[in-house]
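J.:
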Ligand SMILES: Cc1ncc(COP(=O)(O)O)c(C=O)c1O
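Numbering (our numbering), first residue to last: 46 to 426.
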């Protein structure tokens, strides 16, 4: 029987039911680098932690089940997962990407990726015509974030699959912003899904993690081979932390989302806020597409203040909310994309995207919404 998402958060597809030594309910942390062999040519199923570890395997099984994938590798960070994904492509491969990807993804594409002979075009993938126009004879994949980071553009995943089929491309989706609780790109035809597990999946701002899930059999073996070769695996202890975090993903995301809806509405009415970008607002241009492909709008809000000074003062005055990078955790964070997440994106590209000095991003946590509103109110006064 296929479990519902809330249950998958607890035990994936249930493969580990009753499987822990001594009946332990929580996953034991197998803090070991290596495993002894019962005999020559025999294995317990685990030989060396770089290649595989039981705590990590349980986590990978949970994420595989939540994303509806065939296999998932758990990596030391989201960027390690992005790097591993690039390693799967031959030099000369070209990618058509969402134009406002996470800045770290652009950085790895333009440095490590380029040095390996990969090339990248960045377009507004919420526009199918622009996406198609960017495809050339070397294009191998579409690389999408939806909603995008930080301007919340929504890309139609089913439309991307149609384009990918017409041009024999792979569809790769970074699903960090909504988490598998709210969106499953594989069910819309994605071939690979990435996560910064540092965000909603771990959920407590206490560890880095990343995931690369694949939905095609042909990638399972090459990915596992690369993973053990490159050595990008998540440690057993961090695997335990993320596994523990995922157990409450459903309840956290529900609370975060309900807080975010209230805060987005409040910000819209504030005299010092010029524009609010939240995919849960019916006037958001991507509202309908997001509703079609996701089970909610999530808890990421970007907004534009009336002046740069308001943005800076807000960042300095918040007390309960922290001025910090990252997102998806139980604590609410305010980020200055221009200086933080997108600081390495060339200024002319940033400005074209609207990532300017008056532009802020908020990751809404699970605090009481009245306290969050009171903090915003005093900081904007
Ligand atoms: C959408 C997205 N993808 C990937 C990453 C990279 O993840 P990590 O910071 O875990 O390396 C981030 C980090 O902010 C992100 O927001």
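For glycine and all other residues, C-beta sits at the position ideal for the given N, C-alpha and C.
Kindly indicate which three-state DSSP category residue 379 falls into: helix, strand or coil?
T.: strand
J.: Rounded to whole angstroms, what's the CA-CA distance from residue 74 to residue 219? Just pull it up for me.
T.: 28 Å
J.: Give the secondary structure of residue 215 by DSSP, where H, G and I count as helix, E and B as strand, and everything else as coil.
T.: In the three-state scheme derived from DSSP, where H, G and I count as helix and E and B as strand, residue 215 is classed as strand.
J.: Considering only their Cβ atoms, is the gap separating residue 99 from residue 93 smaller than 8 Å?
T.: no
J.: Report all residues from its chain with a CB closer than 6 Å to the CB of residue 270; omit the five preceding and five following residues, and keep chain order.
T.: none
J.: Please check the pair residue 164 and residue 170, which I expect to be a contact at CB under 8 Å, by giving their CB distance rounded to whole angstroms.
T.: Going by Cβ atoms, the distance from residue 164 to residue 170 rounds to 17 Å, so no, they are not a contact pair.
J.: When the Cα of residue 318 is compared with those of 325, 299, 296, 352, which residue comes out closest?
T.: 352
J.: For my contact list, residue 120 and residue 129 are in at a C-beta cut-off of 8 Å; report their separation, rounded to the angstrom.
T.: 6 Å
J.: Measuring from the CB of residue 371, is there a heavy atom of ligand 1 at a distance below 7 Å?
T.: yes
J.: What span of residues does the beta strand (DSSP E) with residue 406 cover, start to end?
T.: 404-408 is the extent of the beta strand (DSSP E) around residue 406.
J.: Secondary structure at residue 125, three-state DSSP: helix, strand or coil?
T.: helix
J.: Does the beta-carbon of residue 127, which I'm using as the reference point, lie nearer than 7 Å to any heavy atom of ligand 1?
T.: yes
J.: Just verifying my parser: in three-state terms, what is the DSSP assignment at residue 356?
T.: helix
J.: Helix, strand or coil for residue 285, going by three-state DSSP, please let me know.
T.: helix
J.: Buried or exposed for residue 423, going by 16 or more other Cβ atoms inside 10 Å?
T.: Here residue 423 is exposed: its Cβ has fewer than 16 other Cβ atoms, across all protein chains shown, within 10 Å.
J.: What separation, rounded to the nearest whole angstrom, lies between the Cα atoms of residue 357 and residue 398?
T.: 20 Å
J.: For the beta strand (DSSP E) containing residue 347, list its first residue and its last residue.
T.: 345-350
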